[in-house]
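Asks: Here the sequence shown stands for residues 584 to 883, numbered as in my numbering. Just so you know, even glycine gets a beta-carbon here, dropped at the ideal spot from N, CA and C.
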Amino acid sequence: MAGQRAQWKGFIKFGEVSAGVALYTAASTSDRITFNTINKATGNRVNRVFIDSETDEAVPKEAQTKGFEIENGQYIIIDPDEVAAAIPESNKTLEIEAFIPCSDVDDVYFDKPYYLTPDKMGSDAFAALRDGMRLSKVAAIARTVLFRRMRTVLIRPHGKGMIATTLNFDYEVRSSKKAFEGMPKIKIEGEMLDLAKHIISTKKGEFDPATFDDRYEAALEEMVKAKIEGKALPKRKKVEVSKPNDLLAALRESAGLMRAAEDKPKRTAANANAGAGRQRAPRGLTKTASSKAAPQRKAG
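#1: From the DSSP output, in three-state form, read off residue 785 for me.
#2: Could you compute how far the alpha carbon of residue 827 sits from the alpha carbon of residue 778?
#3: State whether the region 679-696 contacts the region 742-761, with contact taken as three or more CB pairs (one from each stretch) at a distance under 8 Å.
#4: Within a Cβ cutoff of 8 Å, which residues of the same chain sit near residue 597, ignoring the five residues on either side of it in sequence?
#5: Within the continuous beta strand (DSSP E) that includes residue 807, where are the two ends?
#6: Here's the rule: buried if 16 or more other CB atoms are within 10 angstroms of the residue's CB, otherwise exposed. What is residue 651?
#7: Using the C-alpha atoms, what's the distance from residue 800 back to residue 715?
#8: When the Cβ atoms of the region 589-596 are set against those of the region 668-686, are three or more pairs found closer than 8 Å?
#9: Give the secondary structure of residue 637 by DSSP, where H, G and I count as helix, E and B as strand, and everything else as coil.
#10: Do you know offhand how far residue 754's Cα is from residue 814's?
#11: Tell me where the alpha helix (DSSP H) around residue 709 begins and ends.
#12: Between which two residues does the alpha helix (DSSP H) harbouring residue 666 extend?
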């Protein structure tokens, strides 16, 4: 991928066939607004200092090490070199262990997605694996050492390449039985169920991530921009409590609103085109506005 650095390079192996591959980050939070911690009195950035829990004295980095708590307040010291030695040795190979239906993996196990691409050599073998999986409608389960940990990876065809999603281990996923054990057994039927089904049928659509805005991030941008320009900060809108509280009445009211929306005449083509001409303000702060802020580095 041009302009982007690979997070990992190695090989993917299926049977006796191997191909060079590279992993690229598919999702990142680096574009989110971040704040630094500032000293109110001086306006200077505050640095993090580690303090001894008993002596209250600062501990410099060279005096810090790892520890595992065996009892309350008692630790065994773990040297960083001992941690490094415990990391499994990497052979840089995604070894495919099985091909499975994609639906076999509950998405609660999904951790982080990466784009998987061929790395110069072995493009034909990569394409053969990708197309064979697509025609067979299967995903691949592979294992390798990624970022100093042994990871299980789910690999699926995606466009011209593939997506490799690291999976949570079973011990990392909490039981849904414990989460739902306090829920009462309720069976909905009759008019209440019919109304719920009707409301659902009128709101069917397709998933388009571009239509979902990060409202929190947008609110932060608006607030920061107002501070830079010396304007009044936006006020939080008052939340109105929904009425009536009766569920069946609320369902009937919702179904009625849905039907009214369906019966409402659509805009004419001329009106629709007029609206399309409007351009939405670009997302994010402009360089001019942001340059007026105090010169502070991003945290992290």
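Replies: With the given structure in hand:
#1: In the sequence shown, residue 785 corresponds to position 202, counting from 1. Residue 785 falls in the helix class under three-state DSSP.
#2: Within the sequence shown, the letter at position 244 stands for residue 827. Within the sequence shown, the letter at position 195 stands for residue 778. With a pLDDT of only 48 at residue 827, under 50, the local geometry of the prediction cannot be trusted, and the value read off the model is given with reservation. Inter-residue distance for residue 827 and residue 778 is about 16 Å (C-alpha atoms, whole angstroms).
#3: Contact between the region 679-696 and the region 742-761 is established, with three or more Cβ pairs separated by less than 8 Å.
#4: To locate residue 597, count along the sequence shown from 1; it is residue 14. Around residue 597: 679, 712 and 723.
#5: The count along the sequence shown starts at 1 and reaches residue 807 at position 224. DSSP places residue 807 in no beta strand (DSSP E) but in the uninterrupted alpha helix (DSSP H) bounded by 798-812.
#6: Numbered from 1 along the sequence shown, position 68 holds the residue referred to as residue 651. With fewer than 16 Cβ atoms within 10 Å of its Cβ, residue 651 is classed as exposed.
#7: In the sequence shown, counting from the first residue as 1, residue 715 sits at position 132. In the sequence shown, counting from the first residue as 1, residue 800 sits at position 217. Each residue's Cα considered, the two are about 41 Å apart.
#8: A contact is defined here as three or more CB-CB pairs under 8 Å, and the region 589-596 meets this definition with respect to the region 668-686.
#9: Stepping through the sequence shown from its first residue, residue 637 is reached at position 54. Coil at residue 637, not helix or strand.
#10: Here residue 754 is taken as the residue at index 171 of the sequence shown, counted from 1. Here residue 814 is taken as the residue at index 231 of the sequence shown, counted from 1. The straight-line gap from Cα to Cα measures roughly 50 Å.
#11: Numbered from 1 along the sequence shown, position 126 holds the residue referred to as residue 709. Unbroken alpha helix (DSSP H) run through residue 709: 706-719.
#12: Looking up residue 666 in the sequence shown gives position 83. Per DSSP, residue 666 belongs to the alpha helix (DSSP H) from 663-669.
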